[in-house]
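J.: Chains A and G, in that order, give the protein sequences.
770 is the number that the working numbering gives to position 241 of the first sequence; each next residue is one higher, with no gaps.
753 is the number that the working numbering gives to position 224 of the second sequence; each next residue is one higher, with no gaps.
There are 2 protein chains.
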Amino acid sequence: MTEPALATLTRLRTACSQCNLRELCLPMGLSADELQTLDNLVSTRRKVRRGDSLFYGGEPFSALYAVRYGFFKSTLTSGDGREQVTGFYMAGELLGMDGIGGDRHTCTLTALEDSEVCVMPFARVEDLSRNFEPLQRHFHRVLSREIVRDQGVMMLLGSMRAEERLAAFLVNLSQRLTARGFSASEFVLRMTRDEIGSYLGMKLETVSRLFSRFQEDALIEVHQKHVRILDIGGLKRVMAQAQSAP
Amino acid sequence: MTEPALATLTRLRTACSQCNLRELCLPMGLSADELQTLDNLVSTRRKVRRGDSLFYGGEPFSALYAVRYGFFKSTLTSGDGREQVTGFYMAGELLGMDGIGGDRHTCTLTALEDSEVCVMPFARVEDLSRNFEPLQRHFHRVLSREIVRDQGVMMLLGSMRAEERLAAFLVNLSQRLTARGFSASEFVLRMTRDEIGSYLGMKLETVSRLFSRFQEDALIEVHQKHVRILDIGGLKRVMAQAQSAP
DNA sequence: CGGTTTGGTTGACCGGGATCAAGCGGGGGG
DNA sequence: CCCCCCGCTTGATCCCGGTCAACCAAACCG
Numbered sequence: 530m531t532e533p534a535l536a537t538l539t540r541l542r543t544a545c546s547q548c549n550l551r552e553l554c555l556p557m558g559l560s561a562d563e564l565q566t567l568d569n570l571v572s573t574r575r576k577v578r579r580g581d582s583l584f585y586g587g588e589p590f591s592a593l594y595a596v597r598y599g600f601f602k603s604t605l606t607s608g609d610g611r612e613q614v615t616g617f618y619m620a621g622e623l624l625g626m627d628g629i630g631g632d633r634h635t636c637t638l639t640a641l642e643d644s645e646v647c648v649m650p651f652a653r654v655e656d657l658s659r660n661f662e663p664l665q666r667h668f669h670r671v672l673s674r675e676i677v678r679d680q681g682v683m684m685l686l687g688s689m690r691a692e693e694r695l696a697a698f699l700v701n702l703s704q705r706l707t708a709r710g711f712s713a714s715e716f717v718l719r720m721t722r723d724e725i726g727s728y729l730g731m732k733l734e735t736v737s738r739l740f741s742r743f744q745e746d747a748l749i750e751v752h753q754k755h756v757r758i759l760d761i762g763g764l765k766r767v768m769a770q771a772q773s774a775p
Numbered sequence: 530m531t532e533p534a535l536a537t538l539t540r541l542r543t544a545c546s547q548c549n550l551r552e553l554c555l556p557m558g559l560s561a562d563e564l565q566t567l568d569n570l571v572s573t574r575r576k577v578r579r580g581d582s583l584f585y586g587g588e589p590f591s592a593l594y595a596v597r598y599g600f601f602k603s604t605l606t607s608g609d610g611r612e613q614v615t616g617f618y619m620a621g622e623l624l625g626m627d628g629i630g631g632d633r634h635t636c637t638l639t640a641l642e643d644s645e646v647c648v649m650p651f652a653r654v655e656d657l658s659r660n661f662e663p664l665q666r667h668f669h670r671v672l673s674r675e676i677v678r679d680q681g682v683m684m685l686l687g688s689m690r691a692e693e694r695l696a697a698f699l700v701n702l703s704q705r706l707t708a709r710g711f712s713a714s715e716f717v718l719r720m721t722r723d724e725i726g727s728y729l730g731m732k733l734e735t736v737s738r739l740f741s742r743f744q745e746d747a748l749i750e751v752h753q754k755h756v757r758i759l760d761i762g763g764l765k766r767v768m769a770q771a772q773s774a775p
């Protein structure tokens, strides 16, 4: 039972059972006992500096990543060079699922602030899944939720007007931050206006103008990247307003 | 080893190993031997008449479905009643993956022509996956590809102009039909202009006008739902044209 | 077989958001 | 500490695609 202190330390450090994100991350909903089984799911951790990429579109796929802390954007680059932001990811969220289908990543994941991820070799995820039903179930749920999330964005882009999209974006951000114990009403945007615009299918000028308009309407307060939500109900009303009758 | 003739017949009829879609569907890439293992994956088949729905958003989730023949659309309805088409599905494609994450379907699947699906109880999919690595691998790939597909649509909606989107849509349809042994250049649209428009984030009038313009430009021939592609290269050029300099 | 309904086409006009342009301010690097 | 550059804001103008409307064709049904 005795083992070198250093090895113990390392295992502790990368063990899901010791992680304060276990309520949000892959092992969500597992009992303490079950969690022990996952303690060798993570092979190692990796720090990514702001502006650096965890992986690029086209690179071979080998592992999934769980955000430990920090903030990421995922981008897709089309044949003719246009770049589209396809998502933003924060602590506890899973990255890299796009790579499973074709053994290569299709999108690029870039840190928007200094971040750290848990590296989970995909072969290990599949092995453990086969032998451990709760992990299998949960992994399938995570994959499915990513599909549902993407379909939500499709609805956003396909059938909502610019102001509705931005309101929905702010409400979503606020909810995800709340789930992580941050303030629901006051936060710092990690991304630029351009990145928000790309994600929401509009130009950065439109994002900026809408922020200003929301401020005039006393829905939010904005100073550069600092946002304070004053009237979350109002934002929800904006995002739900089917274009009113003339 | 002997069993009633009827049971044998039934098993044959629903057996993946006997299905001519095995190259496209869930068992894709499995060897003949391996395929035998899947022969009890499908519990039954279900016919869906044109206009009827396989399942509705909000319904409890219990099974995945593989399209045997026919054509489906998936739609999402937002709180305020707006409907967004999130995808079109044809033979060999998998339906219902949105339901895994929350034990309820989030979207509604409606047949656009008389169709038939193979019903695969999800518990069975997970059981077989745990004991049969090739199925597990392939199932994960299918889930991942759905994510990648959705991200492609996000790029479409977020950063392409109407004519580029419609061109991309036609090219995509043509490719999928080709993979199924149909003509790449001549086909019948199963969906209305309104449904195409919803999927592509534009109004039906715009779809109609663009079809007419493509016809003027000798890229396609349209008569109602009948489409003939005259210049697939031209369509690809349209969809890739980053807005040209003035 | 005629009437009705549903889906498609086309025209005229309008407006939301893109584009072009100018100025500003704050944070990071020398 | 100061400067410079990047990101943000705001204004003026334009145009793509939405809206409203009229008409047509095919499918459907009694």
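Note that beta-carbon positions come from the ideal geometry of N, C-alpha and C, so glycine has one too.
Here the structure is a predicted model, which is why all the values come from computation and not from measurement.
1. Determine, for residue 531 of chain A, whether the minimum Cβ-Cβ distance to residues of chain G falls below 8 angstroms.
2. Please check if any C-beta of chain G sits within less than 8 angstroms of the C-beta of residue 514 of chain A.
3. What is the rounded straight-line gap between the Cα of residue 566 of chain G and the Cα of residue 559 of chain G?
4. Closer than 8 angstroms, CB to CB, is residue 605 of chain A near chain G or not?
5. Could you tell me which chain G residues have their CB closer than 8 angstroms to the CB of residue 557 of chain A, listed as they occur along the chain?
6. Taking only runs of the alpha helix (DSSP H) that begin and end inside the segment 534-605 of chain G, which ones reach a length of at least 4 residues, in chain order?
7. Check residue 712 of chain A in the structure and name its three-state DSSP category.
8. Against residue 682 of chain G, what residues of chain A qualify as contacts under a CB-to-CB distance less than 7 angstroms, listed in chain order?
9. For the segment 647-663 of chain G and the segment 602-617 of chain G, state whether three or more C-beta atom pairs, one from each stretch, are separated by less than 8 angstroms.
10. Quick test of the definition: if touching needs 3 or more C-beta pairs under 8 angstroms, does the segment 759-771 of chain A touch the segment 700-718 of chain A?
11. At a Cβ threshold of 8 angstroms, is residue 692 of chain G touching chain A?
12. At a cut-off of 7 angstroms, is residue 684 of chain G close to the ligand SAH when judged by its beta-carbon and the heavy atoms of the ligand?
13. Starting from residue 615 of chain G, trace the beta strand (DSSP E) both ways and give me its first and last residue.
14. Specify whether the segment 739-758 of chain A and the segment 681-697 of chain A touch according to this definition: at least 3 beta carbon pairs, one from each stretch, less than 8 angstroms apart.
15. Can you tell me whether DSSP reads residue 786 of chain G as helix, strand or coil?
16. What's the C-alpha gap between residue 530 of chain G and residue 661 of chain G?
17. Does DSSP put residue 695 of chain A in a helix, in a strand, or in coil?
18. May I have the straight-line CA-CA distance separating residue 627 of chain G from residue 585 of chain G, to the nearest angstrom?
19. Decide if residue 631 of chain A is buried, meaning its Cβ has at least 16 other Cβ atoms within 10 Å, or exposed.
20. Tell me the residue span of the beta strand (DSSP E) that contains residue 738 of chain G.
21. Chain G partners of residue 679 of chain A, CB-CB under 7 angstroms?
22. Would residue 562 of chain G count as contacting chain A if we go by Cβ distances under 8 angstroms?
23. In chain order, what residues of the segment 660-672 of chain G put their CB closer than 8 angstroms to some CB of chain A?
24. Exposed or buried, residue 684 of chain A, counting other C-beta atoms within 10 Å across all chains shown (16 or more means buried)?
25. Could you tell me whether the segment 590-601 of chain A touches the segment 631-646 of chain A, where touching means 3 or more Cβ pairs closer than 8 angstroms?
26. Could you spell out the range, first to last residue, of the alpha helix (DSSP H) harbouring residue 729 of chain G?
27. Rounded to the nearest angstrom, what separates residue 592 of chain G and residue 724 of chain G at their Cα positions?
28. With C-beta atoms as the reference, is residue 647 of chain A less than 8 angstroms away from residue 571 of chain A?
29. For residue 737 of chain A and residue 722 of chain A, what's the separation of their Cα atoms in angstroms?
30. Of the residues G:589, G:668, G:673, which one's Cα is nearest the Cα of residue 633 of chain G?
31. Could you pull the start and end residues of the beta strand (DSSP E) that residue 641 of chain A belongs to?
32. Compute the distance between the beta-carbons of residue 637 of chain G and residue 680 of chain A, then report whether it is under 8 angstroms.
33. Among A:720, A:625, A:733, which residue has its Cα nearest to the Cα of residue 580 of chain A?
34. Would residue 864 of chain A and residue 769 of chain G be called neighbours here (beta carbons separated by less than 8 angstroms)?
T.: With the given structure in hand:
1. On the first sequence, residue 531 of chain A is found 2 positions in, with the first residue counted as 1. No answer about residue 531 of chain A holds up, because its pLDDT of 46 lies below 50 and its placement is not dependable.
2. For residue 514 of chain A there is no data in the structure shown, the boundaries of chain A being 530 and 775.
3. Taking the second sequence and counting its residues from 1, the one referred to as residue 566 of chain G is at position 37. Taking the second sequence and counting its residues from 1, the one referred to as residue 559 of chain G is at position 30. About 10 angstroms.
4. Taking the first sequence and counting its residues from 1, one reaches residue 605 of chain A at position 76. Yes, residue 605 of chain A lies at the interface with chain G (some Cβ there is under 8 angstroms from its Cβ).
5. Counted from its first residue, the first sequence places residue 557 of chain A at position 28. The premise fails here: residue 557 of chain A is roughly 12 angstroms from chain G at the closest Cβ pair, so nothing lies under 8 angstroms.
6. 534-543, 561-566
7. Numbered from its first residue, the first sequence carries residue 712 of chain A at position 183. Residue 712 of chain A falls in the coil class under three-state DSSP.
8. Here residue 682 of chain G refers to the residue found at position 153 when the second sequence is read from its first residue. Residues of chain A passing the Cβ test: 683.
9. no
10. yes
11. Here residue 692 of chain G corresponds to residue number 163 of the second sequence, with the count starting at 1. Chain A, which has no Cβ nearer than 8 angstroms to the Cβ of residue 692 of chain G, makes this no.
12. Ligands are entirely absent from the displayed structure, and the ligand SAH is therefore not among its contents.
13. As a position in the second sequence, residue 615 of chain G is number 86, starting the count at 1. Where residue 615 of chain G is concerned, the enclosing beta strand (DSSP E) stretches over 612-619.
14. yes
15. The first residue shown for chain G is 530 and the last is 775, placing residue 786 of chain G beyond what the model contains.
16. In the second sequence, counting from the first residue as 1, residue 530 of chain G sits at position 1. In the second sequence, counting from the first residue as 1, residue 661 of chain G sits at position 132. Bear in mind that the predicted position of residue 530 of chain G carries a pLDDT of just 45, short of 50, making it unreliable; the figure below should be weighed with that in mind. If you take the alpha carbons of residue 530 of chain G and residue 661 of chain G, they lie about 24 angstroms apart.
17. Your numbering for residue 695 of chain A matches position 166 in the first sequence. Helix.
18. For the purposes of this step, residue 627 of chain G is taken as residue 98 along the second sequence, with counting starting at 1. For the purposes of this step, residue 585 of chain G is taken as residue 56 along the second sequence, with counting starting at 1. Roughly 12 angstroms separates the two Cα atoms.
19. Numbered from its first residue, the first sequence carries residue 631 of chain A at position 102. Burial call: exposed.
20. Along the second sequence, read from residue 1 onward, the residue named residue 738 of chain G stands at position 209. Note, residue 738 of chain G: premise wrong, no beta strand (DSSP E); alpha helix (DSSP H) at 733-745.
21. The sequence position of residue 679 of chain A within the first sequence is 150, counting from 1. Simply 676, 679, 680, 683.
22. Translated into the one-based positions of the second sequence, residue 562 of chain G becomes position 33. Not closer than 8 angstroms to any Cβ of chain A, the Cβ of residue 562 of chain G fails to qualify, so no.
23. 660, 662, 665, 666, 669, 670, 671, 672
24. By 1-based counting over the first sequence, the position of residue 684 of chain A is 155. By the 10 Å Cβ count, residue 684 of chain A comes out buried.
25. yes
26. Here residue 729 of chain G is taken as the residue at index 200 of the second sequence, counted from 1. Start and end: 722-729.
27. The residue labelled residue 592 of chain G in the question sits at position 63 within the second sequence. The residue labelled residue 724 of chain G in the question sits at position 195 within the second sequence. For residue 592 of chain G and residue 724 of chain G, the distance between alpha carbons rounds to 26 angstroms.
28. As a first step, residue 647 of chain A must be located in the first sequence, where it is residue number 118. As a first step, residue 571 of chain A must be located in the first sequence, where it is residue number 42. A contact, by the Cβ cut-off of 8 angstroms.
29. Counting from 1 along the first sequence, the entry for residue 737 of chain A is found at position 208. Counting from 1 along the first sequence, the entry for residue 722 of chain A is found at position 193. Rounded to whole angstroms, residue 737 of chain A to residue 722 of chain A spans 7 angstroms at the Cα level.
30. For the purposes of this step, residue 633 of chain G is taken as the residue at position 104 of the second sequence. Comparing Cα positions, the closest option is G:589.
31. As a first step, residue 641 of chain A is located in the first sequence; it is residue number 112 there, counting from the start. 637-650 is the span of the beta strand (DSSP E), which, as asked, contains residue 641 of chain A.
32. As a first step, residue 637 of chain G must be located in the second sequence, where it is residue number 108. As a first step, residue 680 of chain A must be located in the first sequence, where it is residue number 151. Contact flag unset, no.
33. Taking the first residue of the first sequence as 1, we reach residue 580 of chain A at position 51. That would be A:720, whose Cα lies nearest to the Cα of residue 580 of chain A.
34. Chain A is shown only over 530 to 775; residue 864 of chain A falls outside these bounds and no answer can be derived.
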